[in-house]
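*Asks:* The structure follows.
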Amino acid sequence: MTTSNTGTPRSQRATWSVALLALGAVALALAALYQVSFYLRIPVDLLSFAESPFLTDIIKYREGLPLYTPVADNNSYPYTPGTQILTYTIGAAFGHGTDIPFLRYVQFSYVLLAALVAGLVADGLSQLLIPEVRRGGRGLWIVSCTALLFLVALDPRFNNFVHSLHNDGLAMLISMTAAWLAVSHARGARRWHLVAMAFLPALGFLVKQNQLMWAGLFAIYLWFEGSTDKRWVILWAVVAGILGVAVMGAAVLVLGENFRYWIFGALGDKQVSLARSILHLIWAGLYLTFGLLALVRFVLPGRSRGATALWLMTGAMFALTTYTSGLGWTANHMGPAMMLATAWFLVVARDAWPTPSSNGGWQALVAPAAAAAMVLALMGALGVVRLPRNDVSPDLARYIADVDKEFAGMNPDSVLLDNGSWPYLKAGIVMKDRSSPVTLHVTNNQSFINRPALAETIQRIRERRYTRILARVIDTDQTPYDFHDRGSGVKAAILENYQIVRRIPGVAGVQTWWPLNLLSEVVVLEPRSTSTAPQSAAPDPSAPAPRSP
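Note that the working numbering has the sequence shown beginning at 50, numbered continuously upward.
Here is the structure:
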């Protein structure tokens, strides 16, 4: 170990600057946690687009109903059910199975664990790549990395749903655990590593479909890391493939054919926009830079074949999730890859961390302090630093109360709320014709409108099955029932058969939400009398032909 002229190891003499980094990182993490805590406490499921269908799945599971219903019901969720079932089970075990904030706390615990595991990934890479002489202050580095990676776990561009009831939080934990497995294997291969790698993609599929990618990512790592015989790699790939197919087949057998449509068909109809993928890559420019720094620092000099394989695995994940992010308008597919890129950067920073000069003096303090300041400043450049304040509008309570008033004295199943399942939760009511599933069939990231999937919804509206409908901005092109007025027929049916009786003003003082229209104006409609019903519009001869799901 290198020592100064005083006999003190330089790695130990630099520990104060790592402590400074840890102090700053923890302060930023606590500020972010404070801000997010106000969102977690919101008493209704309006924090993201996914919360209403997520909660509907919990209602179905709690009431013993099928999780995946016929497409024409428009009340199912296009994600696998593992997260919903686990979150409810934990909540119910504590007596809070219908407590929305508590369910969010459970959900957010996955994110906290993911940040911790990501910190261990960074530590494992450091043990693999950095000589012991430059690895001083290990405990402080783990604290620093965990706190900084927690900030990245809340990146509002790439991890914008993890604080809500959404599958992304647990999927992030699965991905970080997978990366930790690979790093642990690179540091010292054990048989149980291969067993866990074979099972994890199949189990991850039950959390979110895209976690199957780890079968391919592990295969890349195992093929290039060099310590595992290629015959064993091929055998591992066969076993992992069999397990994946077995889990998918068992899910179809247990959950039925409707599962097949909602999990594979509904999202399979979407088209990747290369322009959106490129835009998201530009957003991720700093994270891409982190990965390239690791390439230059560790991979090109050939420090470790295992590290090269790990970098290729991370790069493949970065590329794959960037490409698939073009399916939609948000980049949440990329979130776990951003965390791993940051973990690589933190290892680069640790490897290059300056040690005090043996000459002493104030100059010896500048470089380590500047290094700590640089890392913390980069968090600001990434846009992941949050102010310790409550950003939830106080007007939200009024908005919720106004919606609740529309249910007062009425059977909840006679009032259709387009998005939000809290009025139905305790009564165990599963409503049809929700806006999130309808949007899935209508949005312009697919080339057609799935009209057969909308036909029964339109029919129920024409039959005026509902005593009252609460639909956000239904008379604009921003309604989820017909976003950008593509011609779904659902919006038209509502306006033809129901009349607007009043409006609930949107929440004031909100700049960012997930999406913002969840807090927009609610239009309250009641059935028209036959004499006041407007004449139906003639069918559009240019409309695309119906397509069956």
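For every residue, glycine included, the Cβ atom is placed at its ideal position computed from N, Cα and C. The structure presented is a predicted model; accordingly, all values stated were derived computationally and were not measured.
Decide if Ile498 is buried, meaning its Cβ has at least 16 other Cβ atoms within 10 Å, or exposed.
*Replies:* buried
*Asks:* In its own chain, which residues sit with a C-beta less than 6 angstroms from the C-beta of Ala358, not counting the 5 before and 5 after it?
*Replies:* Tyr270, Phe273 and Glu274
*Asks:* In whole angstroms, give me the CA-to-CA distance for Thr57 and Gly73.
*Replies:* Because Thr57 sits at a pLDDT of 46, beneath the cut-off of 50, its placement in the model cannot be relied upon, and the following sentence gives the value as read from the coordinates. Their Cα atoms are separated by approximately 26 angstroms.
*Asks:* Suppose the cutoff is 6 angstroms on Cβ atoms and the five residues either side in sequence are ignored; what does the same chain contact list for Val464 look like?
*Replies:* Once the five neighbours on either side are set aside, the close Cβ partners of Val464 are Phe456 and Arg517.
*Asks:* Out of Ser66, Trp285 and His145, which one is the CA nearest neighbour of Arg111?
*Replies:* His145
*Asks:* For Ser97, does the three-state DSSP call read helix, strand or coil?
*Replies:* strand
*Asks:* Please determine, among Ala390, Gln84, Ile331 and Phe308, the residue with the shortest C-alpha to C-alpha distance to Leu341.
*Replies:* Ala390
*Asks:* Taking 8 angstroms as the threshold (C-beta atoms), are Ala196 and Ala80 in contact?
*Replies:* no
*Asks:* Does the beta-carbon distance from Trp393 to Leu96 come in below 8 angstroms?
*Replies:* no
*Asks:* Could you give the distance in angstroms between the alpha-carbon of Gln133 and the alpha-carbon of Leu304?
*Replies:* Cα-Cα distance, rounded: 14 angstroms.
*Asks:* Residues in the same chain with beta-carbon distance under 6 angstroms from Ala238, minus the five sequence neighbours each way, listed in chain order, please.
*Replies:* Ser276
*Asks:* Can you give me the C-alpha to C-alpha distance between Gln320 and Val120, rounded to a whole angstrom?
*Replies:* 20 angstroms
*Asks:* So is Met50 buried or exposed if we call it buried at 16+ other beta carbons inside 10 Å?
*Replies:* Note that Met50 scores a pLDDT of 40, beneath 50, so its modelled location is shaky; the value from the coordinates is reported in the next line. By the 10 Å Cβ count, Met50 comes out exposed.
*Asks:* If you follow the alpha helix (DSSP H) that Glu455 is in, where does it begin and where does it stop?
*Replies:* Unbroken run through Glu455: none, as it is neither H nor E.
*Asks:* Grab me the residues of Arg346's own chain with a C-beta within less than 6 angstroms of its C-beta, minus the 5 sequence neighbours each way, in chain order.
*Replies:* Taken in chain order, the residues that qualify are Val397.
*Asks:* Any idea what DSSP makes of Gln527, helix, strand or coil?
*Replies:* coil
*Asks:* State the Cα-Cα distance for the pair Gly314 and Tyr530, rounded to the nearest angstrom.
*Replies:* Rounded to whole angstroms, the gap between the alpha carbons of Gly314 and Tyr530 is 20 angstroms.
*Asks:* For Gly265, would you say it is in contact with chain C, using Cβ-to-Cβ distances shorter than 8 angstroms as the test?
*Replies:* Structure shown: chain C not included; a single protein chain is present.
*Asks:* Short check: CB of Glu570 to CB of Arg551, under 8 angstroms?
*Replies:* With contacts defined by Cβ atoms closer than 8 angstroms, Glu570 and Arg551 do not form a contacting pair.
*Asks:* Rounding to the nearest angstrom, what Cα-Cα distance links Ala245 and Ser66 in this structure?
*Replies:* So the two alpha carbons sit approximately 38 angstroms from each other.
*Asks:* Suppose contacts are defined by Cβ-Cβ distances below 8 angstroms. Is Asn124 in contact with Arg511 by that definition?
*Replies:* no
*Asks:* Under 8 angstroms between the Cβ atoms of Asn468 and Asn209?
*Replies:* no
*Asks:* Tell me Tyr310's beta-bridge partners as DSSP assigns them.
*Replies:* DSSP output for Tyr310 lists no bridge partner at all.
*Asks:* By DSSP, does Pro595 sit in helix, in strand, or in coil?
*Replies:* In this predicted model, Pro595 has a pLDDT of only 34, less than 50, meaning its place in the structure is not dependable; the value taken from the coordinates is given anyway. The answer is coil: DSSP assigns Pro595 none of H, G, I, E or B.
*Asks:* Taking all protein chains shown into account, do 16 or more other C-beta atoms lie within 10 angstroms of the C-beta of Arg521, making it buried, or fewer, making it exposed?
*Replies:* buried
*Asks:* Could you check how far apart the C-beta atoms of Asp204 and Val433 are, in whole angstroms? I think they sit under 8 angstroms.
*Replies:* Rounded, the Cβ-Cβ distance is 5 angstroms, consistent with contact.
*Asks:* Under 7 angstroms Cβ to Cβ from Thr488, same chain only, skipping five residues before and after it: list those, please.
*Replies:* Pro529 and Phe532
*Asks:* Under 8 angstroms by Cβ, that's how I've got Leu214 and Ala99 pegged, so tell me the actual separation to the nearest angstrom.
*Replies:* 6 angstroms
*Asks:* Using only the alpha-carbon positions, how far apart do Leu69 and Ile149 sit?
*Replies:* 38 angstroms
*Asks:* Where does the unbroken alpha helix (DSSP H) through Pro576 begin, and where does it stop?
*Replies:* Careful: Pro576 lies outside any alpha helix (DSSP H), inside the beta strand (DSSP E) at Val571 to Pro576.
*Asks:* Please work out which residues of its chain come closer than 6 angstroms, Cβ to Cβ, to Asp589, disregarding the five sequence neighbours upstream and downstream, and give them in chain order.
*Replies:* Any answer about Asp589 is weak, because its pLDDT of 40 lies below 50 and its placement is not dependable; what the coordinates show is given next. Same-chain partners within the cutoff: there are none.
*Asks:* Return yes when the Cβ of Ile91 is within less than 8 angstroms of the Cβ of Val441, no when it is not.
*Replies:* yes
*Asks:* Buried or exposed: Thr136, going by 16 or more other Cβ atoms within 10 Å of its Cβ?
*Replies:* buried
*Asks:* Note down the Cα distance separating Val331 from Lys540, rounded to an integer number of angstroms.
*Replies:* This sequence places Ile at residue 331; Val is not what is there. If you take the alpha carbons of Ile331 and Lys540, they lie about 36 angstroms apart.
*Asks:* Counting only the same chain and skipping the five closest in sequence on each side, list residues whose C-beta sits under 6 angstroms from that of Thr64.
*Replies:* Gly185 and Gly186
*Asks:* If we ignore side chains and look at the alpha-carbon of each, how far apart do Leu466 and Ala365 end up?
*Replies:* 42 angstroms
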